[in-house]
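So the working numbering is basically just the index in the sequence shown, starting at one, shifted up by 6.
Heads up, the thing below is written out as structure tokens.
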Amino acid sequence: MIGVLALQGDTREHLHAVADLDAIGRPVRRADELDDLDGLIIPGGESTTISKLAVEFGLLEPLRKRIAGGLPVYGSCAGMIMLASSILDGRADQVPFGGIDMTVRRNAFGRQVDSFEGTVDISGIDGGAFHAVFIRAPWVEEVGDAVEVLGRVKDGPAAGRIVAVRQEHLLATSFHPELTGDLRVHRYFVEMVREAGQTTEG
Ligand code: GLN
């Protein structure tokens, strides 16, 4: 059972990706809906809004607890920002769930370019480079020792920038695989969820 946070953002696209992989997906808005989840996706959208609504809906602390307890979580774009331990160019009142020891910069790719498409190789995912769609996306400015850098932008002015990371049960991408029909990142996450389930049950 994979929840998709449904406070704001492109929840539906993630639910479609989960369904296409024959996993069971469910939108999540309330704290009690976290209880029976095996994994959670935090969608792209607007991290300041997601943060504000998470506080209003009483989700901040319960979700932080589940993250600390090992719940596998994947965040794309605004979801990546929500998983960061520290945010640059955020709003003063914006609070992340945290979990990944990294600093992300919001809207990092520049004001002129609202969105762009680029190529990213992701380690651990076969089948060639990713065609990645970035929409007012963050990049990862700094990572702690526990964080594995999975992908960087291959070419163009942002070449070398970190855009995919993993820290144990937490995965984050700056881009939106849910919008391109390439299911490999979601498949990778569903595998993480299955492996986590086997460890707890075993
Ligand atoms: N700029 C947005 C934010 O700060 C993220 C954009 C996105 O998720 N596409 O949350």
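Note that beta-carbon positions come from the ideal geometry of N, C-alpha and C, so glycine has one too.
Small disclaimer: the values here were computed from a predicted structure and weren't measured.
- Residue pairing of Ile141 in beta bridges, as defined by DSSP: Ser121.
- Selection Ala37, Glu147, Gly81 and Val126 evaluated against Leu94 yields Glu147 as nearest (Cα-Cα).
- Just so you know, the alpha carbons of Gly96 and Ser57 end up roughly 11 angstroms apart.
- Beyond the five residues adjoining it in sequence on each side, Lys160 comes within less than 8 angstroms, by CB distance, of Gly124, Thr125, Val126, Asp127 and Ala135 in the same chain, given in chain order.
- Nearest neighbour of Leu69 by Cα position, chosen from Glu184, Val196, Val10 and Ile131, turns out to be Val10.
- Here DSSP, grouped into helix, strand and coil, assigns Val169 to strand.
- Comparing alpha-carbon positions, the option among Ser180, Glu174 and Asp188 lying closest to Met198 turns out to be Glu174.
- Residue state for Phe115 is assigned as coil, using DSSP reduced to three classes.
- Assignment of Arg158 by DSSP, reduced to helix, strand and coil, places it in the strand class.
- In this structure, the beta-carbon distance from Arg172 to Leu185 does not fall below 7 angstroms.
- Rounded to the nearest whole angstrom, the C-alpha separation of Ser180 and Phe140 is 7 angstroms.
- Ligand 1 approaches Ala84 closely enough that one of its heavy atoms is under 6 angstroms from the residue's Cβ.
- Met88 sits close to Phe103, with the two beta carbons spaced by under 7 angstroms.
- Residue pairing of Met7 in beta bridges, as defined by DSSP: absent, with no partner found.
- Short of 6 angstroms from the beta carbon of Thr54, and not among the five residues preceding or following it, lie these beta carbons of its own chain, in chain order: Arg97 and Gln100.
- In the assembly as shown, Glu201 is an exposed residue. Its beta-carbon has fewer than 16 other beta-carbons within 10 Å.
- With contacts defined by Cβ atoms closer than 7 angstroms, Gly45 and Gly15 do not form a contacting pair.
- Of the other Cβ atoms in all chains shown, fewer than 16 fall within 10 Å of the Cβ of Val61; this residue is therefore exposed.
- The beta carbon of Pro183 sits closer than 6 angstroms to the beta carbons of Val191 from its chain, once the five residues preceding and following it are set aside; these are given in chain order.
- DSSP places Leu21 in the helix class (H, G or I) of the three-state scheme.
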